[in-house]
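Undergrad: Take the sequence shown: its position 178, counted from the start at 1, is 165 in my numbering, and no numbers get skipped.
Glycine included, every Cβ here is placed at the ideal spot set by N, Cα and C.
Have a look at this one.
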Amino acid sequence: MDFKSRELAYLTCFTTGFAILVLELISFRLLAPYFGTSIYVSGIIINTVLLALAAGYFAGGYVVDRLKSEKLPYLVILGSCIYLIVIFSVYPLLLNMISFRSVIIGSSIAIVAMFFVPTALLAFIPPYLIKLLLIKRMVGKASGEIFSLSTLGSIAGGIMTTFIFIPYLGSRTSFLIAIGLLLVISTIGLIKFNKGSLFLILAFLILLLPPEKTTGYVYKTESEYNIIKVVEEGGRLQLRLNHDYSYHSITLDPETHLSNAYYDYYLFPQMLINAEETLILGNGAGTSMMETDYFFDTNIDGVEIDPMVTEVGNAYFGLRLNEGLSIFHQDARVFLNQNKKKYDIVYIDVYSGEPHVPFHIATVEFFELVNRSLNDDGIVAINVPYYSPNTELSEYYTNTITTVFPNSYVFEKKHMLYSFKADIDKEAMSKIIEGKILHANLEAIAKEVLAEIKEISQESSEKVFSDDHAPVEVMTFKSFGR
């Protein structure tokens, strides 16, 4: 292989390594709206990519011993391009067709169908080029050069996709960048070996790529953490993160200033004590913050990991930061680790754009941090996903909470838990409410809660979530049959 051919081989390995990481990282985003971002989905994606790499490396080494051609690597890359163009055109339809399946089966079918073949084809390239680069049987030198450049390309692809492509361009544009780079390198190789006419065919195919459909969304964007969508339903706006089967914030009713959803029941603790400081873990687009600020005179600190969600709250959900309202863009657990302030009430409404709580926000250690941040008469209000007294998830969750807060109550209808640092019973709560002058809407909420809350107690000190073992995801999926 001459000098120019070696330089092209180096560039080819760097580019294919770059593209492999781009495709792997965007696959997390493409599957998230349909199957979530649980450890199961992540593990399936990573292992499928590794399996494809193993298959491609084996095939490349096998074929090069039988068919030595400088044209073949670029034809293989072209084949990967064609496959990816087809997938780019049909993946929304494909994912919709299989989204009804379980998380494990559905995500496995999706990632194999979408990316196994093109990843294997790209992995074919390094071992094939190693054989072509052999000079005086310097196998070690050729192998080191090729695999180091391929790895450096993957590192570059990982950095660019993580910090630039997805945050600023989105997953579909990132997908097109990967296809475009592969098209360029295959075109250069094929032109060099007199096969440049194939480029014209592929260029024509790219012109047929469909634009992204945004029908049904008031607004849609991507951030470092989420696919963010604003939809209108029933005359009100909803914030949806990643998937479309539930919402994470909603605009308040302009007449009542209530959400007419579970957010209203975060107000119950405010009726029991005169809170000066309130903390919201999982502020979202600001539904609870704005609702609480309207009815109560309390300073509110909101913690929201995704700055883009806060921007959407400002633009679409009436989120306005006046004196006494602050937002911190941090992970809730990190915030509590660093927090030195004491709060009277803490709302916990933290989800990772999923039906399940991030595991590190559901453990004994987490609730110990919450307890440390509370004043002596402090109250915690928690939205518990898919609460039912008969599920393993609820058993573990209530055991975990009551380990730290023995005085806790559940409001099953709205999946809310109320935990008290000080001792208080239902009768004492009723007397406090009776002695207050409340807005009629708030009084109705208080009566509803007091009529139905039940005290809960720890049934097992062993069945708890800890930082060491917290299978929140699998228990959540079991609770709603996915």
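#1: Thinking Thr297 and Glu291 are a contact (beta carbons under 8 Å), I'd like their distance in whole angstroms, please.
#2: Taking just the CA atoms, how far does Val321 sit from Lys123?
#3: List the endpoints of the continuous alpha helix (DSSP H) containing Ala129.
#4: Can you tell which of Glu382, Ala319, Ala165, Leu54 has its C-alpha closest to the C-alpha of Ile72?
#5: What separation, rounded to the nearest whole angstrom, lies between the Cα atoms of Ile112 and Ala42?
#6: Answer yes if the stretch 324 to 331 comes into contact with the stretch 235 to 242, meaning at least three C-beta pairs across the two stretches below 8 Å, and no otherwise.
#7: Looking at the unbroken alpha helix (DSSP H) that takes in Leu356, where does it start and where does it end?
#8: Note down the Cα distance separating Val9 from Phe162, rounded to an integer number of angstroms.
#9: Comparing C-alpha positions only, which one of Met101, Val51, Asn83 sits nearest to Ile494?
#10: Go through its chain and collect everything with a Cβ distance to Gly48's Cβ below 6 Å, but skip five positions before and after it.
#11: In terms of alpha-carbon separation, which member of Leu80, Leu116, Met84 lies closest to Val63?
#12: Any idea which residues DSSP pairs Val217 with across the strands?
#13: For the candidate residues Ile440, Ile98, Leu169, Ile419, whose alpha-carbon lies nearest to that of Gly66?
#14: Can you check DSSP and say which residues form a bridge with Ile314?
#15: Can you name the residues that DSSP bridges to Lys441?
#16: Evaluate contact between the stretch 383 to 394 and the stretch 444 to 462, counting only Cβ atoms and requiring at least three cross-stretch pairs below 8 Å.
#17: List, from N- to C-terminal side, the beta strand (DSSP E) runs of 3 residues or more that fit wholly inside the stretch 241 to 272.
#18: To the nearest angstrom, report how far apart Asp288 and Glu310 are at their CA atoms.
#19: On the premise that Ile215 lies in contact with Val126, defined as a C-beta separation below 8 Å, what is that separation, rounded to the nearest angstrom?
#20: Using the three-state DSSP reduction, which class does Phe464 fall into: helix, strand or coil?
TA: This is what the structure holds:
#1: The sequence position of residue 297 within the sequence shown is 310, counting from 1. The sequence position of residue 291 within the sequence shown is 304, counting from 1. Rounded, the Cβ-Cβ distance is 6 Å, consistent with contact.
#2: Stepping through the sequence shown from its first residue, residue 123 is reached at position 136. Stepping through the sequence shown from its first residue, residue 321 is reached at position 334. With a pLDDT of 44 at Lys123, under the threshold of 50, the modelled position of this residue cannot be trusted; read the value that follows with caution. Taking the straight line from one Cα to the other gives about 56 Å.
#3: The count along the sequence shown starts at 1 and reaches residue 129 at position 142. Ala129 -> alpha helix (DSSP H) spans 126 to 147.
#4: Stepping through the sequence shown from its first residue, residue 72 is reached at position 85. That would be Ala165, whose Cα lies nearest to the Cα of Ile72.
#5: Here residue 112 is taken as the residue at index 125 of the sequence shown, counted from 1. Here residue 42 is taken as the residue at index 55 of the sequence shown, counted from 1. Between Ile112 and Ala42, the alpha-carbon positions lie close to 12 Å from each other.
#6: no
#7: The residue you call residue 356 lines up with position 369 of the sequence shown. Counting along the chain, the alpha helix (DSSP H) containing Leu356 begins and ends at 351 to 359.
#8: Locating residue 9 in the sequence shown gives position 22, counting from the first residue. Locating residue 162 in the sequence shown gives position 175, counting from the first residue. When rounded, the distance between both Cα atoms is 7 Å.
#9: Outside the displayed span of the chain (-12 to 469) sits residue 494, for which this structure offers no information.
#10: On the sequence shown, position 61 is the one that residue 48 refers to. These residues qualify, in order along the chain: Pro114.
#11: Here residue 63 refers to the residue found at position 76 of the sequence shown. Comparing Cα positions, the closest option is Leu116.
#12: As a working note, residue 217 is residue 230 in the sequence shown. DSSP lists Tyr206, Leu226 as partners of Val217.
#13: In the sequence shown, the residue the question calls residue 66 occupies position 79. The option with the nearest alpha carbon to Gly66 is Leu169.
#14: The residue given as residue 314 occupies position 327 in the sequence shown. Looking at the DSSP assignment, Ile314 forms a beta bridge with Gly289.
#15: Your numbering for residue 441 matches position 454 in the sequence shown. In DSSP, Lys441 forms a bridge with Val397.
#16: Three or more Cβ pairs drawn from the stretch 383 to 394 and the stretch 444 to 462 lie within less than 8 Å of each other, which places the two stretches in contact.
#17: Within the stretch 241 to 272, the complete beta strand (DSSP E) runs of at least 3 residues are 264 to 268.
#18: Sequence index remark: in the sequence shown, residue 288 carries index 301 (1-based). Sequence index remark: in the sequence shown, residue 310 carries index 323 (1-based). Distance between the alpha carbons of Asp288 and Glu310 is about 11 Å.
#19: In the sequence shown, counting from the first residue as 1, residue 126 sits at position 139. In the sequence shown, counting from the first residue as 1, residue 215 sits at position 228. That belief does not hold up - the Cβ atoms of Val126 and Ile215 are roughly 50 Å apart, past 8 Å.
#20: In the sequence shown, counting from the first residue as 1, residue 464 sits at position 477. Taken through DSSP and simplified to helix, strand or coil, Phe464 comes out as helix.
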